[in-house]
Amino acid sequence: MRRRFIAPSSLVWLVLAAAYFLIPLVATLLFSLRDSQTGTCCSLGAYGTIFDDPQFAKTLWLSFKLAVETVVISLVLFVPTVYWVHLKLPRLRPVIASLALLPFVVPPIVLVVGMLDVYGGWSPGWFYSTPQFLVAAYVVLAFPYVFFALDAGFRAIDVHTLTEASQSLGASWRTTLGRVIIPNVRTAALSGALLTLAIVMGEFTIASLAAFHTFPTYIQYVNQTQAYPAAALTLISFGITWFAMLGILVAGRRPGGRQMAMRGGG
Amino acid sequence: MPYAWLGVVPFFLYAFAFLLLPAGQVLVGAFKDKDGAWSTANISTLFEQQYVDAFRNSIEISLVTAVLGGILGLCIAFAALADGTPRWIRPVLTTFSGVAANFGGIPLAFAFISTLGTIGVVTAFLRDQLGYNIYFHGFTLFSKTGIEIVYLYFQIPLMFLVIAPAIDGMKREWREASSNLGASSWQYWRHVGLPVLMPSLLGATILLFGNAFAAYATAYGLTGGGVALAPLKIGEVVSGNVLDNPHLGQALALGMFAVLAAAMLLYVPLQRRSARWMR
């Protein structure tokens with residue numbers, strides 16, 4: 577009894593969902609196209625204002641750099657760890673998984689309170705007063721996403737056989753990891769990396785409370801001062817998230833990769 | 005290999021330095037006073053009216069958006085996966101949900117200000133075309149209701165992402181078997197469908213609750229602290245807008261931690277139960 581056409585109730589739900597999710601985006605687009613003098617449509621002036629503001633490029637570049645550093649540190653930390661746990665220490669997996677889940681119980685607003693308290697006072701100036709402080713916290717925020725992406729990736733391959741085959745051919749640990757293992761979990765690593773990129777590019781709570789000027793805090797600053805450029809920035813930020821998610825989709829299409837992208841908003 | 009454990013030392017060191025140590029500092033610091041002596045003064049401050057209100061508002065908004073977002077996300081997931089719905093709908097919805105679930109914070113708040121704010125596009129449309137100004141009839145985006153409307157924008161997609169695989173796990177054969185045995189549609193849902201789906205539904209709702217409870221940026225961008233919420237109160241203390249007592253921030257953070265830990269304790273066993281059907 578398969579239906580040939582869409583059920584009316586399904587159609588109603590999907591149309592309502594489309595309306596709720598698309599109207600705010602369309603409204604933001606219309607807002608961003610208003611002329612700053614007359615308030616009428618249509619002008620690209622708001623985008624011009626943003627692109628001419630040196631703070632735009634500066635904060636966007638800083639957030640991007642932080643995102644790349646966070647991704648690199650996360651992967652360097654997690655790829656060998658998850659590999660080792662799957663190969664030698666399977667009994668430790670639940671412990672690492674619980675640690676990786678802990679950031680859900682210690683959300684950014686709680687983490688920043690603790691980080692400021694531990695590292696705010698006595699830590700060397702190069703750490704607390706530079707954005708490295710943010711990277712340290714962002715790696716923690718990325719724990720769940722990087723760990724569970726890699727964990728699924730390693731579960732899908734036969735770690736033991738690959739390692740033994742590589743070593744019986746005379747490969748060193750470094751060669752095994754770099755030439756055999758990493759290429760096999762590339763897709764999982766890529767989805768974890770892109771999700772982390774999206775998180776860092778949009779992270780406001782920690783940056784704002786630790787008083788750094790990143791892309792999200794710049795958006796908040798523009799929000800308070802200029803409405804139409806703020807709408808343009810909102811769409812640019814939405815576009816960055818789209819880019820990361822489409823990247824995960826494309827990566828997942830390749831053989832061996834099927835991860836889901838999920839995370840909280842806020 | 006007796007030294008195998010050495011391989012995981014870097015991860016544990018990192019987790020200790022940047023997760024366990026700061027979290028522990030919050031737990032311990034909540035019980036200290038300004039001079040570092042043990043004290044329960046800050047914990048008792050938590051029971052002052054303004055902080056009780058903040059926690060109540062936070063819990064209320066999280067419950068409402070978790071239940072409503074859960075129901076709406078479930079209905080949309082059923083509609084997207086139903087027989088007859090075109091095949092392309094699901095991947096489009098999944099990708100969009102990935103974006104929307106991650107699109108929180110300041111930009112999301114601004115998107116809704118452009119839509120339903122005092123001069124928002126929809127507000128202006130209703131006022132000019134239909135002669136109905138929602139702001140004259142008790143609505144404001146910068147209220148608890150407003151925050152709930154905005155939070156649903158990331159709650160519904162998160163529900164869709166979590167629940168779609170669980171719906172996939174419900175085999176067509178169960179439905180056919182129960183109708184062969186003469187069960188009505190209602191009986192199928194009452195005795196087969198809902199019991200199978202229930203752990204996933206409850207687990208997903210708890211996940212949504214935690215997600216809304218922890219959110220800071222969206223509410224900050226929307227109301228700037230106009231509605232008292234637990235995370236916003238912490239923000240006020242940390243940025244020094246209130247009084248000079250860092251340990252109050254830690255006590256508030258401890259309160260949030262306690263609520264989220266309770267949610268997690270409910271979530272883990274449910275997750276384990278629902279994983280049974282998803283093979």
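Heads up: the protein sequence lines correspond to chains A and B, in order.
This note's numbering applies: residue 577 is where the first sequence begins, and numbers increase by one.
This note's numbering applies: residue 5 is where the second sequence begins, and numbers increase by one.
Ideal Cβ positions, reconstructed from N, Cα and C, are used throughout, including at glycine.
Out of the options, which one is the CA nearest neighbour of residue i?
{"i": "T122 of chain B", "options": "B:L252, B:R179, B:S147, B:S43", "result": "B:S147"}
{"i": "V735 of chain A", "options": "A:P679, A:S650, A:Y659", "result": "A:Y659"}
{"i": "R762 of chain A", "options": "A:F654, A:V711, A:L663", "result": "A:F654"}
{"i": "Y192 of chain B", "options": "B:V200, B:N184, B:R179, B:D57", "result": "B:R179"}
{"i": "A843 of chain A", "options": "A:D727, A:S612, A:T772", "result": "Outside the displayed range of chain A (577 to 842) lies residue 843 of chain A, so it cannot be described from this structure."}
{"i": "V196 of chain B", "options": "B:Y7, B:G77, B:S182", "result": "B:S182"}
{"i": "A218 of chain B", "options": "B:A84, B:V231, B:V263", "result": "B:V263"}
{"i": "Y157 of chain B", "options": "B:A84, B:W92, B:N106, B:A257", "result": "B:N106"}
{"i": "L642 of chain A", "options": "A:A712, A:A786, A:T737, A:Y797", "result": "A:A712"}
{"i": "G754 of chain A", "options": "A:P584, A:L601, A:F632, A:P656", "result": "A:P656"}
{"i": "V231 of chain B", "options": "B:A58, B:Q133, B:E177, B:N184", "result": "B:A58"}
{"i": "S118 of chain B", "options": "A:L825, A:R829, A:A807", "result": "A:A807"}
{"i": "I758 of chain A", "options": "A:T739, A:A774, A:I775", "result": "A:T739"}
{"i": "T781 of chain A", "options": "B:I75, B:G109, B:N137", "result": "B:G109"}
{"i": "L825 of chain A", "options": "A:R667, A:W589, A:G768, A:Q708", "result": "A:G768"}
{"i": "Q708 of chain A", "options": "B:E52, B:Y220, B:F22, B:A216", "result": "B:F22"}
{"i": "V71 of chain B", "options": "B:A41, B:I210, B:N184", "result": "B:I210"}
Could you tell me the alpha carbon to alpha carbon distance between residue i and residue j, rounded to whole angstroms?
{"i": "P792 of chain A", "j": "R731 of chain A", "result": "36 angstroms"}
{"i": "Y18 of chain B", "j": "Y623 of chain A", "result": "41 angstroms"}
{"i": "P720 of chain A", "j": "P679 of chain A", "result": "7 angstroms"}
{"i": "L587 of chain A", "j": "D87 of chain B", "result": "12 angstroms"}
{"i": "A267 of chain B", "j": "Y704 of chain A", "result": "33 angstroms"}
{"i": "S101 of chain B", "j": "P161 of chain B", "result": "5 angstroms"}
{"i": "T616 of chain A", "j": "T817 of chain A", "result": "29 angstroms"}
{"i": "L130 of chain B", "j": "F140 of chain B", "result": "12 angstroms"}
{"i": "A113 of chain B", "j": "L665 of chain A", "result": "45 angstroms"}
{"i": "V798 of chain A", "j": "P90 of chain B", "result": "42 angstroms"}
{"i": "L717 of chain A", "j": "W637 of chain A", "result": "20 angstroms"}
{"i": "L726 of chain A", "j": "S243 of chain B", "result": "37 angstroms"}
{"i": "R194 of chain B", "j": "L67 of chain B", "result": "25 angstroms"}
{"i": "D37 of chain B", "j": "A820 of chain A", "result": "45 angstroms"}
{"i": "R834 of chain A", "j": "S204 of chain B", "result": "Confidence in R834 of chain A is poor, its pLDDT being 44 and thus under 50, which makes the residue's placement unreliable; the coordinate value appears in the next sentence. Cα to Cα, R834 of chain A sits roughly 21 angstroms from S204 of chain B."}
{"i": "P235 of chain B", "j": "Q796 of chain A", "result": "17 angstroms"}
{"i": "F15 of chain B", "j": "S62 of chain B", "result": "34 angstroms"}
{"i": "G135 of chain B", "j": "V591 of chain A", "result": "25 angstroms"}
{"i": "A34 of chain B", "j": "N46 of chain B", "result": "7 angstroms"}
{"i": "F724 of chain A", "j": "R276 of chain B", "result": "16 angstroms"}
{"i": "I733 of chain A", "j": "K175 of chain B", "result": "27 angstroms"}
{"i": "V756 of chain A", "j": "L822 of chain A", "result": "27 angstroms"}
Is it the case that the Cβ atoms of residue i and residue j are separated by a distance below 8 angstroms?
{"i": "G690 of chain A", "j": "V30 of chain B", "result": "yes"}
{"i": "F116 of chain B", "j": "V154 of chain B", "result": "yes"}
{"i": "L770 of chain A", "j": "L605 of chain A", "result": "no"}
{"i": "I167 of chain B", "j": "A208 of chain B", "result": "yes"}
{"i": "R94 of chain B", "j": "A83 of chain B", "result": "no"}
{"i": "T49 of chain B", "j": "L233 of chain B", "result": "no"}
{"i": "S619 of chain A", "j": "T790 of chain A", "result": "no"}
{"i": "T772 of chain A", "j": "T614 of chain A", "result": "no"}
{"i": "G124 of chain B", "j": "A603 of chain A", "result": "yes"}
{"i": "T69 of chain B", "j": "E152 of chain B", "result": "yes"}
{"i": "P250 of chain B", "j": "L687 of chain A", "result": "no"}
{"i": "A786 of chain A", "j": "L710 of chain A", "result": "yes"}
On the CB-based measure, 16 or more other CB atoms within 10 Å of its CB, does residue i come out buried or exposed?
{"i": "G150 of chain B", "result": "buried"}
{"i": "V13 of chain B", "result": "exposed"}
{"i": "D172 of chain B", "result": "exposed"}
{"i": "V272 of chain B", "result": "exposed"}
{"i": "G869 of chain A", "result": "As shown, chain A starts at 577 and ends at 842. That puts residue 869 of chain A outside it, with no answer to give."}
{"i": "R610 of chain A", "result": "buried"}
{"i": "P199 of chain B", "result": "exposed"}
{"i": "P169 of chain B", "result": "exposed"}
{"i": "S674 of chain A", "result": "exposed"}
{"i": "A594 of chain A", "result": "exposed"}
{"i": "Q159 of chain B", "result": "buried"}
{"i": "S744 of chain A", "result": "exposed"}
{"i": "F261 of chain B", "result": "buried"}
{"i": "V652 of chain A", "result": "exposed"}
{"i": "F20 of chain B", "result": "exposed"}
{"i": "M163 of chain B", "result": "buried"}
{"i": "S585 of chain A", "result": "exposed"}
{"i": "V671 of chain A", "result": "exposed"}
{"i": "Y695 of chain A", "result": "buried"}
{"i": "P630 of chain A", "result": "exposed"}
>> If the cut-off is 8 angstroms on Cβ atoms, which residues from the region 651 to 672 of chain A count as contacting chain E, listed in chain order?
In response: Of the protein chains in this structure, namely A and B, none is chain E.
>> What ranges does the alpha helix (DSSP H) occupy inside the region 77 to 131 of chain B, keeping only unbroken runs of at least 4 residues that lie completely in it?
In response: 93 to 106, 109 to 120
> What are the complete alpha helix (DSSP H) segments, minimum 4 residues, inside the region 723 to 749 of chain A?
Replying inline: 735 to 744
>> Suppose only complete runs of 4+ residues qualify. What are the alpha helix (DSSP H) ranges in the region 153 to 234 of chain B, listed by chain order?
In response: 176 to 184, 189 to 192, 198 to 218, 221 to 227
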